[in-house]
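*Asks:* The sequence shown: position 89 = 89 (the working numbering), numbered continuously.
Pasting a structure below so you can have a look.
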Amino acid sequence: MIAQSPHTIDTFHRGRFVLVQPAKGGHRAGMDALVLAAAVPSNFSGHVADFGAGAGAAGLAVMSRCPQASVLLVERSPEMASYARLSLDHPGNGELAARASVLVADVALAGKARQAAGLADRSADFVLMNPPFNDGRDRATPDALRREAHVAEDGSFETWLRSAAAVLRPRGKVALIARPASLAPILAALSGRFGSVEILPVHPGAAEPAIRIVLRAVRGGRGAPSLLPPLFLHEGAERRFTSRAEAIGAGEASLFGD
C-alpha cells in the first residue's frame with residue numbers, strides 16, 4: 001500500500017458508500033464522478049471497467065445504485081490506485097468491495113501491451129471514463145498527481161476510446177464526461193468504433209452555458225447522434241441543487257432516465 005499522506009474519508013449517496021482520498025493534492029472526486037456513474041442504467045447487472053478511476057468514486061457509485069453490477073477500477077497512478085484499495089477495504093463499503101477490484105494499468109496502452117497489463121479484450125459490458133481534459137495551457141497545478149489526473153495529453157480521447165472499444169463486448173456501451181470544447185475530438189475518436197451517440201449537456205444553472213458534456217455510445221452502434229435535454233445543477237438565488245441533480249448526486253436516479 002503506497003498511500004501515506006493525509007487523507008479524508010468521505011461519504012456519498014447519502015452514506016451508502018465511502019471514499020478514501022487524499023486530503024490535499026491528487027484528484028478529489030466530486031459531482032463529475034457521480035454524474036458520470038449515473039450514465040449507467042439503473043437496472044444494469046454486468047461488468048463495468050472504470051478507466052482513470054482515481055480513488056474509485058464512479059465505480060463505487062455504480063455499484064451503490066446497481067446491486068448486480070461488478071466493477072474493475074483501472075488507474076495508472078500507483079498512489080491513486082492505493083487510495084482505491086483503501087476505499088474498497090473501508091468497512092463502510094461492506095458488500096460493495098466483494099464486487100470490485102483494482103488494476104494499476106495505463107488505458108492508453110494498445111494491443112498485446114494492453115492485454116498484458118490486465119485489460120482483456122471483450123471483458124466488459126460498460127466502460128466509464130473521465131479522461132484528463134484540461135489543456136496544458138490552462139492554469140497548471142504544481143501538484144504532480146493532480147496534474148496527471150487533470151491535464152490532457154495529445155490524442156488522449158483517441159487512445160482511451162480505442163482501448164474502450166477493445167475491452168467492450170459487442171454492443172457494450174461507453175460513457176465519458178468532458179468539457180464542451182472537447183466535443184469535436186471525442187466525436188472523431190468515436191467514429192468507426194461507436195455509434196448511437198447520446199450527448200447530454202450539464203449546466204450550472206438554466207441561464208448559464210454548459211460546463212460539461214456527458215456522451216454515451218454503443219460499440220458497433222449505427223444509430224444517428226442525439227442531443228438530449230440538459231441537466232441543470234442549480235436553481236434559485238440560493239444556488240441549491242435542482243431535484244434532478246439532487247437525485248443523481250444521491251444515487252437515486254440515472255442520468256439518461258433508464
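Using N, Cα and C, we set each Cβ at its ideal position, and we do this for glycine too.
Near SER45, which residues of its chain fall below 8 angstroms by C-beta distance, leaving aside the five closest residues on each side in sequence?
*Replies:* Correct list, in chain order: CYS66, GLN68 and ALA69.
*Asks:* On the premise that VAL174 lies in contact with LEU161, defined as a C-beta separation below 8 angstroms, what is that separation, rounded to the nearest angstrom?
*Replies:* Right, their Cβ atoms sit about 7 angstroms apart.
*Asks:* What is the C-beta distance between LEU19 and ASP50, in whole angstroms, given that I count them as a contact (C-beta under 8 angstroms)?
*Replies:* That pair is no contact at about 13 angstroms.
*Asks:* With DSSP collapsed to three states, give me the class of ILE199.
*Replies:* Reduced to three states, the DSSP call for ILE199 is strand.
*Asks:* If LEU60 and LEU96 are in contact, beta carbons under 8 angstroms, what's the gap, nearest whole angstrom?
*Replies:* With a Cβ gap of about 6 angstroms, LEU60 and LEU96 count as contacting.
*Asks:* Does the segment 227-236 touch the segment 198-210, meaning 3 or more C-beta pairs lie closer than 8 angstroms?
*Replies:* Yes, the segment 198-210 touches the segment 227-236.
*Asks:* Evaluate GLY56 with the Cβ neighbour count: other Cβ atoms within 10 Å of its Cβ, from every protein chain shown; 16 or more gives buried, anything less gives exposed.
*Replies:* The residue is buried, with at least 16 neighbouring Cβ atoms inside 10 Å.
*Asks:* Which same chain residues, not among the five before or five after GLN21, have their C-beta less than 7 angstroms away from its C-beta?
*Replies:* Excluding residues within five positions, the ones whose Cβ falls inside 7 angstroms are HIS7, THR8, ASP10, ARG28, ALA29, ALA55 and TYR83.
*Asks:* Only counting the same chain, and skipping five residues up and downstream in sequence, which positions put a Cβ closer than 7 angstroms to that of ALA81?
*Replies:* Hits under 7 angstroms: GLU75, VAL102 and VAL104.
*Asks:* Quick check for students: name the residue ranges of the beta strand (DSSP E) that lie wholly in the segment 82-141, counting only runs of 3 or more.
*Replies:* Complete beta strand (DSSP E) runs here, min 3: 100-104 and 124-129.
*Asks:* What residue ranges within the segment 11-60 form continuous alpha helix (DSSP H) runs of no fewer than 4 residues, ordered along the chain?
*Replies:* Runs of the alpha helix (DSSP H) inside the segment 11-60: 31-37.
*Asks:* May I have the straight-line CA-CA distance separating ASP32 from ASP125, to the nearest angstrom?
*Replies:* Taking the straight line from one Cα to the other gives about 21 angstroms.
*Asks:* Mark ILE213 as exposed unless 16 or more other C-beta atoms lie within 10 angstroms of its C-beta, in which case mark it buried.
*Replies:* The residue is buried, with at least 16 neighbouring Cβ atoms inside 10 Å.
*Asks:* Name the residue from LEU176, ALA100 and THR159 whose alpha carbon lies nearest to the alpha carbon of SER64.
*Replies:* Cα-wise, what sits closest to SER64 is ALA100.
*Asks:* First and last residue of the beta strand (DSSP E) that includes ALA206?
*Replies:* Where ALA206 is concerned, there is no enclosing beta strand (DSSP E), given that its DSSP letter is neither H nor E.
*Asks:* So who's on the other strand from GLU75, going by DSSP bridges?
*Replies:* GLU75 pairs with VAL104.
*Asks:* Under a Cβ-count criterion, where at least 16 other Cβ atoms within 10 Å of its own Cβ denotes burial, should ALA266 be classed as buried or exposed?
*Replies:* The chain is shown from 1 up to 258; residue 266 falls before or after that span and cannot be answered.
*Asks:* Since ALA175 is in the beta strand (DSSP E), which residue starts that stretch and which ends it?
*Replies:* Looking at the DSSP string, the run of the beta strand (DSSP E) that includes ALA175 is 168-178.
*Asks:* Please look up how many angstroms separate the CB atoms of ALA178 and PRO131, rounded, as I've assumed it's under 8 angstroms.
*Replies:* About 7 angstroms separates the two Cβ atoms, so the contact holds.
*Asks:* Going by DSSP, name the residue or residues bridged to LEU215.
*Replies:* LEU176 and ILE199, per the DSSP bridge assignment.
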